[in-house]
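Sequence order for the protein chains is A and B.
The letter at position 59 of the first sequence is residue 59 when you use the numbering used here, and the numbering goes up by one with no holes.
In the numbering used here, each residue carries its 1-based index in the second sequence increased by 172.
We put the CB at the ideal spot given by N, CA and C, even for glycine.
Remember, it's a predicted structure, so these values are computed and weren't measured experimentally.
Number of protein chains: 2
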Amino acid sequence: MDTLEVLKTRRSIRKFRPDAVDEEVLARILEAGEYAPTGMGAQSPIIIAVTNRELRDRIAAENAEICGRPGTDPFYGAPVILLVAAENRPTAVYDGSCVIANLMNAAWALGVGSCWIHRAKEELELPFGRQLLKDLGIEGDYIGVGHVALGYVDGQPPLPKPRKANWVYRVK
Amino acid sequence: MDTLEVLKTRRSIRKFRPDAVDEEVLARILEAGEYAPTGMGAQSPIIIAVTNRELRDRIAAENAEICGRPGTDPFYGAPVILLVAAENRPTAVYDGSCVIANLMNAAWALGVGSCWIHRAKEELELPFGRQLLKDLGIEGDYIGVGHVALGYVDGQPPLPKPRKANWVYRVK
């Protein structure tokens, strides 16, 4: 697939196979995230890449609590969770979002499905999230921007919904 | 270039040739923006694509005023300005940022340079911005997320700065 095809065919995946994502593939996806644009090129975001089953399940449980659906798995069974946070500066959410976009597009280019899962902000504000950063030796004021659920697609990926009218206003 | 190469080599361009971007190329870039992920697939963002010289210069002038550098061109001479806004909902900034990331990556894949220019939020809050939306028949509560300056690169594109240490925290 060429890049335009990747950008156009990537869809949010909500059904994953439990198989681990190949480590080399994961490394390439993460590297693409590092090269996303950031305000003033400050590279303020970080990516916490979790394949550890216990931590993956704990994040899922915390996330489910936050959205009021305890006991469910908001990550749709994906074996990998990428938690993107950014230094608390004015462009934090913009920067972190671009990292997530790169991660999702790189994944799709490499045959890996993904879905943006929100509530990272709330998660990192909880004692659980603060402790997680501390355990990883991450100092400073970071805010959660989003998660990427990552894994191989179970079944057929969905087709894109038709695009809305009036996406683009063209002033020539 | 394959997709991973595009994501990794795209850099912010701050020197543009004045030549118009080919209309077919511009259309493909815009289409890639339409397929960015949005919260709940709601497709809440819009893209105002400006090549009209008068409006392009007016946006540049307003933007320069906002950042306290009147008389300068914050768009580095780029012939195209893409203004991305999103419906005022909780995921507006996240969604609009993903659209911008797609626009910039698609542009790079097609040999077109880009730079994210901020202050779209302030711009659309001014009478100028409110009138612009009105003139285009855009109703509802939209917030500005960002601009993309777009054009052919003048000179050699810059090499990426080295990536910082500790971009990724890997929990296996």
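State the Cα-Cα distance for the pair T290 (chain B) and A36 (chain A), rounded to the nearest angstrom.
Checking the sequence, you will find His at residue 290 (chain B) rather than Thr. So the alpha carbons of these two residues sit roughly 16 Å apart.
In chain B, which residues lie with their C-beta within 7 Å of the C-beta of L30 (chain A)?
V340
Determine which residues of the region 144-162 of chain A have a Cβ less than 9 Å from any Cβ of chain B, and write them out in chain order.
V145, G146, P160 and K161
Of all the options A:A49, A:S44, A:E31 and A:R130, which has the alpha carbon lying nearest to the alpha carbon of L150 (chain A)?
Among A:A49, A:S44, A:E31 and A:R130, the Cα nearest to that of L150 (chain A) belongs to A:A49.
For K333 (chain B) and I59 (chain A), the rounded distance between their alpha carbons:
Looking at the two C-alpha atoms, the distance is approximately 33 Å.
Just the chain A side, please: which residues come within less than 7 Å of P246 (chain B) by C-beta, in chain order?
Within chain A, no residue comes near P246 (chain B); the closest Cβ sits about 13 Å away, beyond 7 Å.
CA-CA distance, Q131 (chain A) and G243 (chain B)?
49 Å
Per DSSP, what kind of secondary structure is L198 (chain B) in: helix, strand or coil?
helix
Suppose you measure from the CA of V93 (chain A) to the CA of W339 (chain B); what does that come to, to the nearest Å?
16 Å
Just the C-alpha distance for L282 (chain B) and V271 (chain B), rounded to the nearest angstrom, thanks.
When rounded, the distance between both Cα atoms is 17 Å.
Pick out whichever of A:T9, A:Q43 and A:E139 has its Cα sitting closest to the Cα of L124 (chain A).
Residue nearest to L124 (chain A) within the set A:T9, A:Q43 and A:E139 is A:E139 (criterion: CA-CA distance).
Candidates B:Y324, B:L198 and B:G205: which alpha carbon is nearest V256 (chain B)'s?
B:G205
DSSP three-state label for I13 (chain A), please.
coil
Does any C-beta atom of chain A lie closer than 8 Å to the C-beta of C239 (chain B)?
no
Contact list for L179 (chain B) against chain A, beta-carbon separation under 7 Å
A32, Y35, N102, N105 and A106
By a C-beta neighbour count over all protein chains shown, 10 Å radius and 16 as the cutoff for buried, is C287 (chain B) buried or exposed?
buried
Given that a residue counts as buried once 16 or more other Cβ atoms are within 10 Å of its Cβ, and exposed if not, what is R163 (chain A)?
Label assigned to R163 (chain A): exposed.
Just to confirm my understanding: we take S184 (chain B), look at its own chain, exclude 5 residues before and 5 after, and list those with CB closer than 6 Å. What are they?
C287
Between R189 (chain B) and Y324 (chain B), is the Cβ-Cβ spacing less than 8 Å?
yes
Of the choices A:L26, A:P45, A:A20 and A:E122, whose alpha-carbon is the least far from that of E87 (chain A)?
Among A:L26, A:P45, A:A20 and A:E122, the Cα nearest to that of E87 (chain A) is on A:P45.
Does K164 (chain A) have its Cβ less than 8 Å from a Cβ in chain B?
yes
Let me see if you follow: with CB-CB separation under 8 Å, is L296 (chain B) close to chain A or not?
Put simply, the CB of L296 (chain B) is far from chain A, with every gap to its CB atoms at 8 Å or more.
K172 (chain A) touches chain B at which residues, Cβ-Cβ below 7 Å?
Think of a sphere of 7 Å around the beta carbon of K172 (chain A): the chain B residues whose beta carbon falls inside it are T223 and N224, in chain order.
Cut-off 6 Å between Cβ atoms - residues of its own chain near T263 (chain B), not counting five sequence neighbours on either side
G211
Closest by CA to T3 (chain A), which one among B:K344, B:K306 and B:W280?
B:W280
Which term fits K180 (chain B), buried or exposed, when burial requires 16 or more other beta carbons within 10 angstroms of its beta carbon?
buried
So if DSSP puts P83 (chain A) in a beta bridge, which residue, or which two residues, is it bridged to?
Looking at the sequence provided, one finds Leu at residue 83 (chain A) rather than Pro. Paired residues: A:I48 and A:H147.
Integer-rounded CB distance, given that E294 (chain B) should sit under 8 Å from I238 (chain B)
5 Å
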